[in-house]
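Some notes on the structure that comes next.
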């Protein structure tokens, strides 16, 4: 099997590069056509790899690609989830090479080279590892169980139509475990498996002052400026200790035991890791918690975007009519996305001064999730990684969110295994996103072993 | 003379409309060619009106149009200042008709109709009144004194090159008074003359957190978010009473006497004026001062623009590398623009947390100005307006800034008369800027009377 992968390594890379050339940006309707096209390409790649059935299932939004290979009803079934849509590429000017013209370059962390392109890691690269691992098992007659694929195109915009699809296709999606590669490892020599994910509540706010843009000289001083007001409102959402001030926000937050926090502290991640790699003088976050805790077991509030008034070249003395911000909160176990969205909206409206009007629009959310480390899926992933990396993977809580994991458990009663191969330095959601050739191939080598060990675990 | 104006009214309007079709946006280099072209058009219009000498004087930026008509060295000379550049037109989508395709529409305040276009009032419309008033005096053999014109193209971006031009052309610009129409009147039946102008300090700030955009899930909580930080910094610039917190900011502010404030209170402007016309529930401003005082005799701080992170369609969970804001402060007599800019920069840098880097870039400034109401120029303007409006004009302090007025006094030793004919409702610097036909023609009728009365005052 290893030989097959080595012999076809170049083709595996070239095929991924072709897929990366299609700008499947789900957040921007200007790329709608290309996003639909990507679904077709993914379907074709699954058929070529050896799937019996493969179809592009239409939804109210972008379609979900389904495919399967059932070899024996008595054998376990692995359901692979991934997504073919990608984040917007802006700010474009900060990319060293065009985001949809993939190039391979060697970096300090990737001496073997890494593929630079939007989606290289998140999630086209990691999703396509499964397609090639599947092909490898078929070609080497080593597929040990049944496999199903569910690849969606709206993960970056909240998987709005996935829920309906899952609810309506429970029989079709019947399986024994869900396998997802949309997370990362600590380092190429420090493998890890994500056992926890933060949830998400994402909203857009609009603050309206006067009914039209005004001359700041003629009105400034007595007519509330929506940008000044929005700044004060945002500033008041966190206190001097970087605690979030929304009433009730922390009520359901899971507090970890001293033992668990001590365990976490063992991970080789220090403040210097951030300070040096990000060129900052200091980290900053919630008082009383370590950097690793702040990005994993603690909820946060970030403004993801803000705009209002004149943002062009030069100076314009305008007192704008409106100011906007996109604000998201990362949630931890037991916090419920809809409740937090509700708490935020109520609070934000309540702190608005009489001089402005406020509109809050929820975008999307996701429930936090924790994987038990004692079930067959986790054990299989651990054995598989231990074999290919030559060292046991560490279980870690990730700060990111994969909202649908909680949905799968709820609707299909299935646990998910988050066996990802990316690195924090891959710059997903940023300019110059890339994915190491090492990681891509290591994933293709590890996935078949997961199937093997899961099938064994399952028999016991 | 009145007949000549009536007979040529339609042509006067058509000529202005042609001038308004050229997008002379000095803040946006994309319109550079049209801005230069506008200077040529203005020069040609002055020659056509009867100027002896007219030239386009090149500067390091956009040129200054100079023209004159010297009839007798023993007679006084009026130096007319105006500007042919205009504000950017965005947000374009809020215009009811294209900003550079002028249309005439009747409004509640302008039953005779108003010209809708960027620059209709500020300042092409008001500047062109002087060209047509000059033509009228020439054609009716009633020019009572010498006249010089200085029309610049960088007023909306801080008149950066006007200072040098004035310093280098003191002889050429020799005059007895400066006449400017770049301000307004309280209402078409309540004429007023601006006796005070606020100064300006305008800066752009850049807050940098991490050296690249990050995934807010993986880093949010421990890496300072430049938008959150910028919001807190902006929020801290004013306290709960809307006092500006920059140390030393108020040190030189001129405090008006109770008598002067009582005088001001007589102007027919109430909070309801703002509340009703701007569709706001309440005004908001510095504690202890009336709305009129807040926009005239008190300094202010407004964020004119803010941007950072993802501002496109949909949701992007990014923790951005940078956040920006354009911030301006309106200054009152005795505050010095450069000093305030310095105080702001020092303070803003001092309040930045260690987790970010801050860059402050001054854009442009302007010194506050007050016109004495007992000199020949003011008296002449008062008599002229009293005659055409049939009621004495009220002296008012304006919140706007015309930075160059202080420059003229310093370099040329000349007082300026701010005899403008616009209305606050003309929406200058906003979508749907317009200028009333009534105001345009009233200006053309009033200006020759200013020349007449100023010449008489001068003889005494």
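Residue numbers (our numbering), protein chains in the order written: chain A, 6 to 465; chain B, 6 to 465.
The beta-carbon is built from N, C-alpha and C at its ideal position, and this holds for glycine as well.
Q.
Quick check on the burial criterion: 16 or more other C-beta atoms within 10 angstroms. Buried or exposed for residue 90(B)?
A. buried
Using a Cβ cut-off of 9 Å, which residues of the region 157-186 of chain B contact any Cβ in chain A, in chain order?
161, 162, 163
Checklist entry - In angstroms, rounded to a whole number, what distance separates the CA positions of residue 153(B) and residue 274(B)? => result 36 Å
>> Quick check on the burial criterion: 16 or more other C-beta atoms within 10 angstroms. Buried or exposed for residue 19(A)?
In response: exposed
Please go through the same chain and pick out, in chain order, the residues whose beta-carbon is closer than 6 Å to the beta-carbon of residue 343(A), but skip the five residues on each side of it.
none
>> Can you look up residue 307(A) in the DSSP assignment and give me helix, strand or coil?
In response: strand
_Determine, for residue 100(B), whether the minimum Cβ-Cβ distance to residues of chain A falls below 8 Å._
no
* Does the distance from the C-beta atom of residue 470(A) to that of residue 370(A) stay below 8 Å? -> No answer is possible for residue 470(A): it lies beyond the span of chain A, which begins at 6 and ends at 465.
Looking at residue 396(A): is its Cβ nearer than 8 Å to the Cβ of residue 306(A)? no
Terminal residues of the alpha helix (DSSP H) in which residue 269(A) lies: 263-270
What do you reckon, are the CB atoms on residue 246(B) and residue 291(B) nearer than 8 Å? yes
- Query: Taking C-alpha atoms, which residue in 7(A), 437(A), 349(A) lies nearest to residue 140(A)?
  - Reply: 7(A)
Which residues, taken in chain order from the region 431-443 of chain B, show a beta carbon closer than 7 Å to some beta carbon of chain A? 432, 433, 434, 435, 436
Residues, ordered as in the chain, of the region 291-314 of chain A that lie near chain B by beta-carbon distance below 9 Å: 291, 294, 295, 296, 297, 298, 299, 300, 301, 303, 304, 305, 306, 307, 308, 309, 310, 311, 312, 313, 314
Checklist entry - Which of the residues in the region 211-228 of chain A, read from start to end, lie with their CB under 8 Å from any CB of chain B? => result 214, 215, 216, 217, 218, 219, 220, 221, 222, 223, 224, 225, 226, 227, 228
* Where residue 320(B) meets chain A, residues with beta-carbon distance less than 7 Å -> 32, 162, 163, 207, 331, 368, 369
### Task
Check the Cβ-Cβ distances between residue 316(B) and every residue of chain A, and say whether any is below 8 Å.
yes
Query raised in the report: CB-CB under 7 Å to residue 375(A), same chain, minus the five flanking residues each way: which ones, in chain order?
Result: 200, 201, 338
- prompt: If residue 164(A) sits next to residue 408(A), beta carbons under 8 Å apart, how far is it from one beta carbon to the other, in whole angstroms?
  reply: 6 Å
(Q) On the CB-based measure, 16 or more other CB atoms within 10 Å of its CB, does residue 188(A) come out buried or exposed? (A) buried
- Using the rule of at least 16 other Cβ atoms within 10 Å of the residue's Cβ for burial, across every protein chain shown, is residue 286(B) buried or exposed? exposed
Any C-beta of chain B within less than 9 Å: which residues of the region 257-290 of chain A qualify? 276, 279, 282, 283, 284, 285, 286, 287, 288, 289, 290
Taking just the CA atoms, how far does residue 86(A) sit from residue 43(A)?
16 Å
When you compare the CB positions of residue 356(A) and residue 137(A), do they come within less than 8 Å of one another, or not? no
Query - Contact set for residue 477(A): own chain, Cβ-Cβ below 6 Å, skip 5 residues either direction - result: There is simply no residue 477(A) to check, as chain A begins at 6 and stops at 465 in what is shown.
Run of the alpha helix (DSSP H) containing residue 130(B), from where it starts to where it stops: 129-144
Item to complete: Identify the contact partners of residue 123(A) in chain B, using a Cβ-Cβ distance below 9 Å as the criterion.
Response: Near residue 123(A) there are no residues of chain B at all, since even the closest Cβ is about 12 Å away, more than 9 Å.
With 7 Å as the C-beta to C-beta threshold (strictly closer), list the residues of the region 231-242 of chain A near chain B in chain order. 232, 233, 236, 237, 239, 240
From residue 455(A) to residue 183(A), what distance separates their C-alpha atoms?
12 Å
Residue 50(B) lies in the alpha helix (DSSP H); which residues open and close that run?
37-54
Review point. I think residue 451(A) touches residue 389(A), with their Cβ atoms under 8 Å apart; what is that distance to the nearest whole Å?
Key: 5 Å
Discussion item. Using the Cβ count rule (16 or more neighbours within 10 Å means buried), how would you classify residue 16(B)?
Written reply: exposed
Subject >> Pick from 381(B), 358(B), 175(B) that is closest to residue 241(B), judged by C-alpha positions >> reply: 358(B)
Within-8 Å CB hit, residue 355(A) to chain B: no
>> Between the region 312-322 of chain B and the region 215-233 of chain A, can you find at least three pairs of beta-carbon atoms closer than 8 Å?
In response: no
With H, G and I counted as helix, E and B as strand and the rest as coil, what does DSSP make of residue 175(B)? coil
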